[in-house]
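Chemist:
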Amino acid sequence: MLRFSRWYVAFIIVLCVGAVLLALSNFLPRQTADALRLPRFVLGLDLQGGSHILLAVDTLALRKDRQEALRDDVRRVFTEQPRIGYTGLAIQNDAVQVRVRDVAQIETARTRLQQLTQPVNSALSFGNATRENELAEPEQGFFVLRMTEAGFVERVRLAVDQSIEIVRRRVDQLGTTEPSITRQGRDRILVQVPGLQDPQALKSLLGQTAKLTFRLVDTSVSPEQVAQGRPPPDSELLDAYNGDTGRAVVEKRVIVSGEDLIDAQPGFDQRTNEAIVSFRFNVNGSRRFAAVTQENVGRPFAIVLDNKVISAPVIREPILGGSGQISGSFTPKSANELSILLRAGALPAPLSIVEERTVGPGLGKDSIEAGKIATYVATIFVVCFMFITYGLFGLFANIALIVHVGMIFALLSLLSATLTLPGIAGIVLTIGTAVDSNVLIYERMREEAKSGNSLVSTLEAGFNRAFATIIDSNSTMAIAALILLFLGSGPVRGFAVVFLLGILTTVVTAVTMTRMMIALWYRMSRPKTLPF
Numbered sequence: 011m012l013r014f015s016r017w018y019v020a021f022i023i024v025l026c027v028g029a030v031l032l033a034l035s036n037f038l039p040r041q042t043a044d045a046l047r048l049p050r051f052v053l054g055l056d057l058q059g060g061s062h063i064l065l066a067v068d069t070l071a072l073r074k075d076r077q078e079a080l081r082d083d084v085r086r087v088f089t090e091q092p093r094i095g096y097t098g099l100a101i102q103n104d105a106v107q108v109r110v111r112d113v114a115q116i117e118t119a120r121t122r123l124q125q126l127t128q129p130v131n132s133a134l135s136f137g138n139a140t141r142e143n144e145l146a147e148p149e150q151g152f153f154v155l156r157m158t159e160a161g162f163v164e165r166v167r168l169a170v171d172q173s174i175e176i177v178r179r180r181v182d183q184l185g186t187t188e189p190s191i192t193r194q195g196r197d198r199i200l201v202q203v204p205g206l207q208d209p210q211a212l213k214s215l216l217g218q219t220a221k222l223t224f225r226l227v228d229t230s231v232s233p234e235q236v237a238q239g240r241p242p243p244d245s246e247l248l249d250a251y252n253g254d255t256g257r258a259v260v261e262k263r264v265i266v267s268g269e270d271l272i273d274a275q276p277g278f279d280q281r282t283n284e285a286i287v288s289f290r291f292n293v294n295g296s297r298r299f300a301a302v303t304q305e306n307v308g309r310p311f312a313i314v315l316d317n318k319v320i321s322a323p324v325i326r327e328p329i330l331g332g333s334g335q336i337s338g339s340f341t342p343k344s345a346n347e348l349s350i351l352l353r354a355g356a357l358p359a360p361l362s363i364v365e366e367r368t369v370g371p372g373l374g375k376d377s378i379e380a381g382k383i384a385t386y387v388a389t390i391f392v393v394c395f396m397f398i399t400y401g402l403f404g405l406f407a408n409i410a411l412i413v414h415v416g417m418i419f420a421l422l423s424l425l426s427a428t429l430t431l432p433g434i435a436g437i438v439l440t441i442g443t444a445v446d447s448n449v450l451i452y453e454r455m456r457e458e459a460k461s462g463n464s465l466v467s468t469l470e471a472g473f474n475r476a477f478a479t480i481i482d483s484n485s486t487m488a489i490a491a492l493i494l495l496f497l498g499s500g501p502v503r504g505f506a507v508v509f510l511l512g513i514l515t516t517v518v519t520a521v522t523m524t525r526m527m528i529a530l531w532y533r534m535s536r537p538k539t540l541p542f
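Numbering (our numbering), first residue to last: 11 to 542.
1) Where are the alpha helix (DSSP H) runs, 4 residues long or more, that stay fully inside the region 447-526, in chain order?
2) Assign residue 406 to buried or exposed, taking buried as 16 or more other Cβ atoms, counted over all protein chains shown, within 10 Å of its Cβ.
3) For the alpha helix (DSSP H) containing residue 209, list its first residue and its last residue.
4) Run through the region 155-193 for me and flag every whole beta strand (DSSP E) of 3 or more residues, listed as ranges in chain order.
5) Inspect the CB distances between the region 465-483 and the region 408-422 and report whether three or more fall short of 8 Å.
6) Grouping DSSP H, G and I as helix and E and B as strand, with all else coil, what is residue 91?
7) Which residues share a DSSP beta bridge with residue 414?
8) Is it the case that the region 28-36 contacts the region 318-329, given that we only count it when at least three CB pairs across the two stretches are under 8 Å?
9) According to DSSP, what are the bridge partners of residue 560?
10) Three Cβ pairs or more, each shorter than 8 Å: is that satisfied between the region 380-389 and the region 438-449?
11) Taking the beta carbon of residue 18 as the centre, do at least 16 other beta carbons fall within 10 Å, making it buried, or is it exposed?
12) Three-state secondary structure (DSSP) at residue 97?
13) Between which two residues does the beta strand (DSSP E) harbouring residue 321 extend?
14) By a C-beta neighbour count over all protein chains shown, 10 Å radius and 16 as the cutoff for buried, is residue 307 buried or exposed?
15) Quick one: what's residue 3 bridged to in DSSP?
16) Assess contact between the region 442-459 and the region 400-414, defined as three or more Cβ pairs (one per stretch) separated by less than 8 Å. Is contact present?
17) Are the beta-carbon atoms of residue 250 and residue 349 separated by less than 9 Å?
18) Taking the alpha-carbon positions, what's the residue 136 to residue 129 distance?
19) Can you look up residue 241 in the DSSP assignment and give me helix, strand or coil?
20) Using DSSP with H/G/I as helix, E/B as strand and the rest coil, what is residue 13?
21) Using only CA atoms, which one of 106, 102 and 94 lies nearest to residue 121?
22) Alpha carbon to alpha carbon, how far is residue 311 from residue 335? Give it in angstroms, no decimals.
23) Pull up the distance between the alpha-carbon of residue 400 and that of residue 492, whole angstroms please.
24) Could you tell me if residue 180 is buried or exposed, where buried requires 16 or more neighbouring beta carbons within 10 angstroms of its beta carbon?
25) Could you give the DSSP three-state label for residue 542: helix, strand or coil?
26) Exposed or buried, residue 268, counting other C-beta atoms within 10 Å across all chains shown (16 or more means buried)?
27) Apart from the five residues on each side of it in sequence, which residues of its chain come closer than 8 Å, Cβ to Cβ, to residue 83?
28) Check whether the region 89-104 touches the region 43-61, counting contact only when three or more Cβ pairs, one atom from each stretch, lie closer than 8 Å.
29) Given residue 397, which residues of its chain have a CB within under 7 Å of its CB, disregarding the five upstream and five downstream residues?
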C-alpha cells in the first residue's frame, strides 16, 4: 500500500503544481491575467464594494394589468366572427363585467368566456390545475370574470421569475462583473453588483418597466378637451416622455407591443444628427405594423414607453420593412439606456426599491485585510502545532495543507465563483479541518506502533484503519454544507460552496498526497521507528 508508480507520482505532482499556479493567477494584475486568459475568482460585494438593491414587485399594479388584459380579452373574443353584441364591459369590484344583448347568443358567449379560465401554468401544476380566472353568471346574460387568489399567487411567482431574468439581462449589459440576482421571499428580488459605485445608474435602469407599445393617435378630440373631463371611451390622455411639454390623446388599442421587438440599437439620425434608437420587429410584428400603416397613411401614431409618449410621427407612407427609429430629444446616454431596456424586454410589473446600500471599496479593503490576518494567524498556529507534535510527518501535513488551500483557490477560479467574506471564513475553517484527517492517521499510527507492529504495518494500518473514520467525519460535514447550500441564500451559500470545496480537497491532500510523501520518505531512508 506504500508503493506508487512513477506515473502516479508524476500525475500528483503536476496536479498540485498546476493548482498552486492557477491559484496564484488571482494575485497577478488583472491586465496580466486577462492577457494570459487565466481564470480568476471574483471578489464579492463585501470585499470590493458595489451596489446592493432590494426590489419588490408591485403586486397591485400587476393585478390591475391582469384585470385590464382580461377586459381586453373579453372584448377580443366578443368581436370575433360571428360577433356577439355586448354592453357594460367594465372593471368593477376587482372583476370584469359584461352583459350580452341578444339572448340567443348567451350560450356562445359562455363558451367563449370559458376559454379565458384556462390554467396559468399547467406544466407545473402536477395534476392540480391552477386557474387564474373564474367565470360566474349572477343572472342570465350577465357574466363576471374574477381572478382567483391561487391564480394570482401563481401569476406573481411567474412575474418574479420573469423579472429576475430581465433584470439579469439589463445588469449584464452594464458590463459589470458577476452580479448576484436572487429571489427573496414571495415577491422580492435582491440585486448585488460588485464593483459598481454608481447605484443611480442601476436604479434608473431597473426602475423602468420599459413597456413599449405602438398606438394610433385619436385625432377626433384635442388634449385640452380630454383634460377638461371628456375623454373618449377607447382613448386616454398621456404625458410626454422625458418631461417634455405637450400631451397626446392615444387610443388604448395596441397596434404592436414591445414583445415583438427583436433588436434595438442607439444611433444618430444622418439628417439631423440627433440621437435616436433604431428598432426591428419580428415577423408577426412586421406584418401587423405594415397592415396598420397601410390603412392609416396621413394619420399620426404614438410610440409609448411606460404610458408616456416618446414621439408621435405622422405615417407618410406604409412601413413594410419591419424596422424604424424612435426619436424624441434623446441624449446619447439616454438613447443607449433606452436601447438596453428594449433589448432586455419589458418587466411584467413595476419594481419598487425597498432597500438600497452602497458598499465603498474602503470597507471592502478592510474586510480583505481582516480576512488575510485571520487566515495568516490560523495557518501559523496550525502549522506550528502540526510540526511540534508530529515532527517530520507534521511537515508533510503542512505541505499538504498549502496545496489544499491552493486547490480551493484553483477550483474557485475554474468555477469563476464569487468569493465573499463568509467564503474567507470557510477557507479559514477548512484549514483547521484539513489537518484533522492527518491527526487521525498519525494517532492511529502511534497506537499501532505501541502494539509492537513493524513500521511498514504501522504506516499501512494508520492509513487503512483511519480512512473509514475520515470518510465518515467529512461526510457529516458535507451533509451540513449541502443543507446550507440548498436552503441558504447569499453569503450563507457562499460559505457552503467554499466549505464543500475544502472538504473535497481535504480528502485528496490528506489521504493521497500525504500518503505518497510518507511512502517516498520510507523508500529513501528506510527508518525503523516513527519520527514522532
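Built from N, CA and C at the ideal position, the CB exists for glycine as well.
Modeler: Looking at the atomic coordinates:
1) Within the region 447-526, the complete alpha helix (DSSP H) runs of at least 4 residues are 465-497 and 501-517.
2) Result: buried.
3) Run containing residue 209: 209-216, per the alpha helix (DSSP H) assignment.
4) Residue ranges of uninterrupted beta strand (DSSP E) with 3 or more members are absent from the region 155-193; none lies entirely inside it.
5) Judged by Cβ distances under 8 Å, the region 465-483 makes no contact with the region 408-422, as fewer than three pairs qualify.
6) Of the three classes helix, strand and coil, the one that applies to residue 91 here is coil, per DSSP.
7) Per DSSP, none; premise fails for residue 414.
8) Contact between the region 318-329 and the region 28-36 is absent, because fewer than three Cβ pairs lie under 8 Å.
9) The structure shown does not extend to residue 560, since the chain is modelled only from 11 to 542, so the question has no answer here.
10) By the criterion of at least three beta-carbon pairs nearer than 8 Å, the region 380-389 is in contact with the region 438-449.
11) By the neighbour-count rule (16 or more Cβ atoms within 10 Å), residue 18 is not buried but exposed.
12) Strand at residue 97.
13) Counting along the chain, the beta strand (DSSP E) containing residue 321 begins and ends at 318-321.
14) Its Cβ having fewer than 16 others within 10 Å, residue 307 is exposed.
15) Shown here, the chain extends from 11 to 542; a query on residue 3 therefore has no answer.
16) Judged by Cβ distances under 8 Å, the region 442-459 makes contact with the region 400-414, as three or more pairs qualify.
17) Against a cut-off of 9 Å, the Cβ pair of residue 349 and residue 250 comes out as no contact.
18) Model confidence at residue 136 stands at a pLDDT of 38, short of 50, so the residue's coordinates are unreliable; what they give is reported in the following sentence. Their Cα atoms are separated by approximately 12 Å.
19) In the three-state reduction of the DSSP assignment, residue 241 falls in the coil class, being assigned neither a helical nor a strand state.
20) Under the three-state reduction of DSSP output, residue 13 falls in the coil class, being neither helix nor strand.
21) Residue 121 has its Cα closest to that of 94, out of 106, 102 and 94.
22) The straight-line gap from Cα to Cα measures roughly 13 Å.
23) Using only the alpha carbons, I get a separation of about 33 Å.
24) Flag for residue 180 reads buried.
25) Looking at residue 542 - three-state DSSP - the assignment turns out to be coil, as it is neither helix nor strand.
26) With 16 or more other Cβ atoms within 10 Å, it is buried.
27) Result list for residue 83: 126, in chain order.
28) At 8 Å Cβ cutoff, the stretches do not touch.
29) Closer than 7 Å at the Cβ level, and outside the excluded window around residue 397, lie 404, 405 and 408.
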